[in-house]
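Trainee:
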Amino acid sequence: MDRKFYKFYRRSLVVFLLALLFSGGLFAQTKITGVVKDEKNQPLPGVNVTVKGTTTGSNTNPEGVFSLTAKPDAILVFSFVGYNPQEVAVGGKTTVNVSLTPLTTSINEVVVLAYGSQSKREITGAVQTVSGKELQDQPAAQFTQKLQGKLAGVQITQTTGTPGGGMAVRIRGSASISAGNNPLYVVDGFPIVGDISNINPDEIENISVLKDASSTSLYGSRAANGVVIVTTKHGSAGKTTVSLNAYRGFQAVPQKGRPDMMNAQEFAQFKKEVATDNGQAVDPLFQNPASLGKGTDWYSAVLRTAPIENYSISINSNKDKLSTAVVIGFFNQDGVLRQSNYKRYSIRANTDYRVNDWFKLGANVAPTFSENNTPQSDGIWYNTSGIIQGAILTSPLAPFKNADGSIPINTSGYGTLDAPNWYNELYTTKNNTKTNRLLANGYVEADPIPGLAIKSSINVDYGQAVYNNFTPSTNGGFFNPGSLTDASRIHATTSNNLYFSWLWENTVNYKKSLGKHNFEALIGYTSQYFRNEGSSINASNFPDNLVQTINAASTFTATGSVEEFTLLSYVARLNYNFSNKYLLSAAIRRDGSSRFGTDRRYGNFPSVSAGWVASDEDFMKSFKTVSNLKFRASYGTIGNNNIGNYTQYATVVGTNYPFNNSLANGRSIAGLNNTLLGWETSKEADFGIDLGILNNRISFSYDYYNKITDNLLYSVDIPISSGFFNYTTNVGKLKFWGHEFNISTKNLVGEFKWNTNFNISFNKNKVLALGTANAAIYGDLTITQVGQPLGQFYAYKFDGIANNQAEFDAAPKYPGMEVGMARFKDINGDGQITFDNRDKEVLGNPSPKFVYGMTNSFAYKNFDLSVVVAGQYGNKLANRIEPFTENLDGAFNVTRDVANRWRSPTDVGDGRYGKDISGTTGYERDNASSRLLYDASFLTVKNVTLGYTVPVKNNKYIHSVRLYASGQQLFVFTKYPGANPEASGDAYGNQASPLNLGSDYSNYPVPRTITFGANCNF
């Protein structure tokens, strides 16, 4: 018994020891360490290292080192954004070193989206990206100008050449009538409220443009016009590097498109003929035109060849746990209009600090200072005394400088209306704006377990603009030229506008894979506050022009204002894919805004999208040329909250009223409140296809979208018996739809490389409902009506000149019509022309039928060349200065073509201009007709850059040097006779509303720019 027990005990002990040995050798957890490096043998921080099939994991530190415990037979999975994932078997080793290779296919490119990022393969919405490297050579103050021609469905027009400004950006058309049409700009996750002109383009790492409701819905009530996400440069792995990007060049206005005005001899001849035709004595000034020569070219007199320069230094550092990127920039652009200038000084410092493997924090600080000198260049002559129009219309007989070098004060007495010396105005008027701005944010992020990221950030946008104007007595306008002695004409303005906005965001993001099922969930809470304070002082009664500060004045008028709004939001998103080929995404944002009525404070903005990577299916393996085929579909709701801060409230204004037989001051309600006032909403569907052929050597994408914008903000007429005329509410509906195509090809891939990117988009719109009883909205030269596109041209149809009595008798008559005067089409068929809407008709569309762009990039050995073109087709543009440059009563200088006007039944001219008999020309001048409208289709060579990379070998300090020459706005091919076929402004020099697009008031000309620069890396 004892012996049997002993044998059993001995056998059991052996089995136990063997099991213990076996488990210790095969199943015990051992510590495994290693280093992860990139393709350049540099350490990669932040790489996710997990044990396959478990939740065990770690991240590499700034030296690329990781440490974890795992079984000797475990498999480690290494993954990092922008690199191919890699699986490595431990094989009993305690040290595992790995080198990751970057993703080589564009479909795996990581794209920054709302509150996160995704590989392009997984994206189910309409998104396009542009790398900051593609933009660095183009000489422009704003990055939006550099995007022209590069994005399908994004129309970027340069409406004016004013230094530091002039860009209009529309994503998939204008989505609103009165609530603004600019996209939302998000800089490093911060939806900014100020403009983007202060952002140095050299700070940008990449740009993502979100176009459909699915990709923009997480921005809710601010996303109806699309979203532009700007990611600035951050520190990256590797040694400390310093880069310099510098260029300098010049700008000039091309001869093509300049107004072809009469010179002194031609104008004198014209004035002589006008006097003769009207039976008047000829002014002695015009008796001998041949003796006058060319005189003054006023358009050229106010312009100049102007320098432009830019310098940016970028410092990238990544040491230990700290990574930093610093960009210091200086941009200086003298305008081609004399005395105009824009300067910008900028610094950006982005710092990230990894405390340990699971916790990091960071801060970004970007202060800028800019100064802008802006003479009153734009606007129509009788509204704003715009210098450009004034110069065009001034008599060429008037000198801008006297023979002795002195500068005359005005140009009166030379055959045109009394006017100031526009050249003198440029040098004597002060119009200066100084702007300070600070964009800053800080964040903390914790990754307590693999796949979970908890982040909190605080963002600040602070801006101040100080404006100073001094207008001396010598300045004025037509009918009202300046004076050296009349001090009552002097006035000055100083204003101070200060805004402050903060945004607090908190998000939780979790990624999890269960076999072939991959999940990513996001929830978040955001809160934003905005406050704007403005004050202005207008001063007059100065003693003279010498002291130009407002304390020298004796009369002051002061105004001030304060505006605030708040926004409270909740966001959530779920991304799911099965086997990385069946894709699904759902998102929602709930916004609460102080801008809306008390009964409609909150709104929900949901979206859903799906995708199918068909090229991963087994049945596609036989199609060996197809490397990628993905189908996308999305639907969602987004909003537009640009309705003003207090539109929902009844306004109170100062009112005088009789009391005890005298006039007393009081207050009265000027409008009705609307507790139901809300944001405009857009519901959008998008269907897309992404196709890659021959290992993505040819890439093609197509999108069709259909968007309905409802609840348009509109001023509705109400019965006068209410005591009011109208009130603001949500009425009206618009439809937008279109097709977008983008194709990228690698035409040649050998020693000589040639890549092409071409895009074209067809955007249309239609009004579905408007205001009270769907009444049409009439603009200055436009009409917006149900069933038709927004803001179509609406005017009289010019029908030539009544050259003789027979043509006059056959023509429909208007009061005062004579032989030799303009004819117009009788639209309503009543036999007469009535100068009201009864004889007007739709004459064209200011919006193009399609917009396109193309970039060709070439490389051969150390040389590189890129050519960017952009254009549009099928829109019309009204040349709104022609009623004055073709004014036959002799009040202004006129175009050379006017010489070929109607003089008699036997001298009928070219059929465009009627007779110059006094009192008759107003019918042609004052009643806008089809004669003002032109085909504004154009093709512009936006940029050509030729570069050469200098060979640098075995240099301890210099890594690379590239020299380049660049030309911006080199050539414009168009039938439009004006200076800028992209122009679209109003009579005051501002960008036009969607209801009044397509008017050219001869704004600040867009120059051609030539620069020479260098990119150096140290």
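Start counting the sequence shown at 1309; every next residue gets the next number (this note's numbering).
Every residue, glycine too, gets a C-beta built ideally from N, C-alpha and C.
In whole angstroms, give me the CA-to-CA distance for N1356 and K1819.
Mentor: Roughly 12 Å separates the two Cα atoms.
Trainee: Taking the alpha helix (DSSP H) that S1366 belongs to, which residues open and close that run?
Mentor: Run containing S1366: none in the alpha helix (DSSP H); it sits in the beta strand (DSSP E), G1365 to N1367.
Trainee: I'd like the list of long-range same chain contacts for A1748, defined as Cβ closer than 6 Å, with 5 residues on each side in sequence excluded.
Mentor: V1673 and V1768
Trainee: State whether the segment 1787-1807 contacts the segment 1770-1779, with contact taken as three or more CB pairs (one from each stretch) at a distance under 8 Å.
Mentor: Using a C-beta cut-off of 8 Å, the segment 1787-1807 makes contact with the segment 1770-1779, since at least three inter-stretch Cβ pairs fall below that distance.
Trainee: If we ignore side chains and look at the alpha-carbon of each, how far apart do R2209 and R2220 end up?
Mentor: The C-alpha of R2209 lies about 7 Å from the C-alpha of R2220.
Trainee: According to DSSP, is P1380 helix, strand or coil?
Mentor: coil
Trainee: Put S1923 into one of helix, strand or coil per three-state DSSP.
Mentor: helix
Trainee: Do you know whose CA, among F1904, T1867, F2070 and F2066, lies nearest S1843's CA?
Mentor: Looking at the Cα atoms, T1867 is the closest of the given residues.
Trainee: Looking at V1673 and the ligand SAM, is the gap between the Cβ and the nearest heavy atom below 6 Å?
Mentor: The ligand SAM is absent from the structure shown, which contains no ligand whatsoever.
Trainee: So does the segment 1562-1575 actually touch the segment 1910-1921, counting three or more Cβ pairs closer than 8 Å?
Mentor: no
Trainee: In chain order, what residues of the same chain have a beta carbon less than 8 Å from the beta carbon of M1309, not counting five sequence neighbours either side?
Mentor: With a pLDDT of only 42 at M1309, under 50, the local geometry of the prediction cannot be trusted, and the value read off the model is given with reservation. Excluding residues within five positions, none has a Cβ falling inside 8 Å.
Trainee: Please report how far the alpha carbon of F1850 lies from the alpha carbon of T1802, in whole angstroms.
Mentor: So the two alpha carbons sit approximately 15 Å from each other.
Trainee: Give the DSSP-derived three-state secondary structure of L2078 in the structure shown.
Mentor: coil
Trainee: Determine the burial state of G1722: buried for a count of at least 16 other Cβ atoms within 10 Å of its Cβ, exposed for fewer.
Mentor: For the record, residue 1722 in the displayed sequence is Tyr; it is not Gly. Counting Cβ neighbours within 10 Å, Y1722 comes out buried, since at least 16 surround it.
Trainee: Spell out the partners DSSP gives K1819 in its beta bridges.
Mentor: In DSSP, K1819 forms a bridge with E1828.
Trainee: Hey, Y1884 and R1898: beta-carbon distance below 7 Å or not?
Mentor: no
Trainee: Quick check: what's the CA-CA separation for F1904 versus G2046?
Mentor: 31 Å
Trainee: According to DSSP, Y2242 sits in a beta bridge with which residue or residues?
Mentor: L2185
Trainee: What's the gap between the Cα of Y1277 and the Cα of A1633?
Mentor: This structure leaves residue 1277 out entirely; the chain is present only between 1309 and 2326.
Trainee: Under the rule that 16 or more other beta-carbon atoms within 10 Å means buried, what is K1454, buried or exposed?
Mentor: buried
Trainee: To the nearest whole angstrom, what separates the beta carbons of L2305 and S2155, a pair I think is in contact under 8 Å?
Mentor: 7 Å
Trainee: Under three-state DSSP, which class holds N2145?
Mentor: helix
Trainee: Would you please state the rounded distance, in angstroms, between the beta carbons of N2187 and G2286? I believe it to be under 8 Å.
Mentor: The Cβ separation is near 5 Å, so the contact holds.
Trainee: Since I believe A1434 is in contact with D1994 (beta carbons under 8 Å), could you give me their beta-carbon distance rounded to a whole number of angstroms?
Mentor: 5 Å
Trainee: How long is the line joining the alpha carbons of S1331 and S1375, rounded to whole angstroms?
Mentor: Note that S1331 scores a pLDDT of 41, beneath 50, so its modelled location is shaky; the value from the coordinates is reported in the next line. Cα to Cα, the separation comes out at about 22 Å.
Trainee: Near T1834, what residues of its chain come up, given a Cβ to Cβ distance below 6 Å and the 5 sequence neighbours on each side ignored?
Mentor: E1813 and S1877
Trainee: Drop a sphere of 10 angstroms on the beta-carbon of F2171, count the other beta-carbons inside from all chains shown, and report buried for 16 or more, exposed for fewer.
Mentor: exposed
Trainee: Mind checking who S1678 pairs with in its DSSP beta bridge?
Mentor: Per DSSP, R1652 and T1743.
Trainee: Do the segment 2247-2264 and the segment 2111-2128 make contact, defined as three or more Cβ pairs closer than 8 Å?
Mentor: no
Trainee: State the DSSP-derived secondary structure class of V1582, mapped to helix, strand or coil.
Mentor: helix
Trainee: Do the CB positions of G1488 and N1950 come within less than 7 Å of each other?
Mentor: yes
Trainee: Could you tell me the distance, in whole angstroms, from the CA atom of T2064 to the CA atom of F2008?
Mentor: 12 Å
Trainee: For the segment 2210-2236, list the alpha helix (DSSP H) runs that are entirely contained and at least 4 residues long, ordered along the chain.
Mentor: 2230-2234
Trainee: Name the DSSP bridge partner or partners of P1393?
Mentor: DSSP, once it has assigned bridges, lists no residue as partnering P1393.
Trainee: I'd like to check one pair, G1342 with T2327: are the Cβ atoms closer than 7 Å?
Mentor: Residue 2327 lies beyond the stretch modelled for the chain, which goes from 1309 to 2326, so this question has no answer here.
Trainee: Below 8 Å on the Cβ atoms is my guess for L2076 versus L2042; work out the distance and round it to an integer in Å.
Mentor: 6 Å
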